[in-house]
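Input: a single structure, listed below in structure tokens.
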Amino acid sequence: MLARVLPTNETPEAKVDRLCESLVLPPKPNLLKLAESGVEQVRTKRAELKADIHAAVLSGGSENKGLVQKLTAELEALELGAGRKAFEERTRRREEFSKSAMAKLGSAVAQYRQEMNRLIDEMEALNSAAVELMATSNANGIEPLSGVRASLPVANQIRHLRQTISNNGSMYL
């Protein structure tokens with residue numbers, strides 16, 4: 446879809462629709478889904494063990510002391526063994542998916558940035574005309590309209606938008 450030649454008569458709405466359709470993550474791979482379900486199973490088991498420990502502590506008595514120790518040991522083993530392994534596997538699978546997804550989305554993100562910069566250029570050109578009108582009005586002693594007075598703060602926002610779009614650190618895409 447991204448490799449096709451863009452028609453010159455594409456409406457702004459059609460362009461937005463096309464860009465939005467291209468900025469979609471690919472589906473999660475089954476191995477990532479499996480790793481995420483493994484983490485959920487560990488979390489569920491951990492919550493169950495903590496609830497059992499809490500119930501055993503509340504019921505008190507010397508016979509529950511051994512049960513509390515057994516459950517606590519089981520919880521620690523879960524957190525250090527299967528739990529840690531499940532979280533590491535999920536992290537590894539997420540990193541793989543992230544690299545793959547970003548590689549697939551590279552051209553879509555480039556088109557997005559290009560279109561955003563084009564729109565910012567249009568806003569900047571329009572706003573510079575308003576700034577010039579305001580400067581000329583002030584020089585001639587004419588009170589500018591309130592909409593024109595907003596052109597100076599808008600100029601700052603345009604500069605900020607441009608920095609945000611061009612700076613990878615300020616934007617995730």
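Note that my numbering has the sequence shown beginning at 446, numbered continuously upward. Note that CB positions come from ideal geometry on N, CA and C, so glycine has one too. Just so we're clear, the structure is a prediction, and the values are computed from it rather than from any experiment.
Extent of the continuous alpha helix (DSSP H) to which residue i belongs
| i | result |
| --- | --- |
| L564 | 527-584 |
| I498 | 475-504 |
| P589 | Looking at the DSSP string, P589 is not in any alpha helix (DSSP H), and its letter there is neither H nor E. |
| A459 | 457-467 |
| L597 | 596-611 |
Residue i and residue j closer than 9 Å at C-beta
| i | j | result |
| --- | --- | --- |
| V599 | N572 | yes |
| E569 | I610 | no |
| R535 | E493 | no |
| S591 | A575 | no |
Euclidean distance between Cα positions of residue i and residue j
| i | j | result |
| --- | --- | --- |
| S545 | L479 | 18 Å |
| E519 | L477 | 27 Å |
| E458 | E541 | 34 Å |
| A448 | H605 | Because A448 sits at a pLDDT of 46, beneath the cut-off of 50, its placement in the model cannot be relied upon, and the following sentence gives the value as read from the coordinates. Their Cα atoms are separated by approximately 31 Å. |
| V461 | P474 | 28 Å |
| R607 | G586 | 33 Å |
| H499 | L470 | 42 Å |
| V484 | T517 | 20 Å |
| G526 | R539 | 20 Å |
| R537 | E521 | 23 Å |
Assess, as a yes-or-no matter, whether the stretch 496-511 is touched by the stretch 548-558 under the definition of 3 or more beta carbon pairs within less than 8 Å. Counting Cβ pairs under 8 Å, fewer than three are found: no touch.
Inspect the CB distances between the stretch 451-471 and the stretch 540-553 and report whether three or more fall short of 8 Å. Inter-segment contact for the stretch 451-471 and the stretch 540-553 is present: three or more beta-carbon pairs are separated by less than 8 Å.
Pairing CB atoms from the stretch 479-488 with CB atoms from the stretch 530-543, are three or more of them under 8 Å? With the cut-off at 8 Å, the stretch 479-488 and the stretch 530-543 touch.
Quick test of the definition: if touching needs 3 or more C-beta pairs under 8 Å, does the stretch 579-592 touch the stretch 509-519? No, they do not touch.
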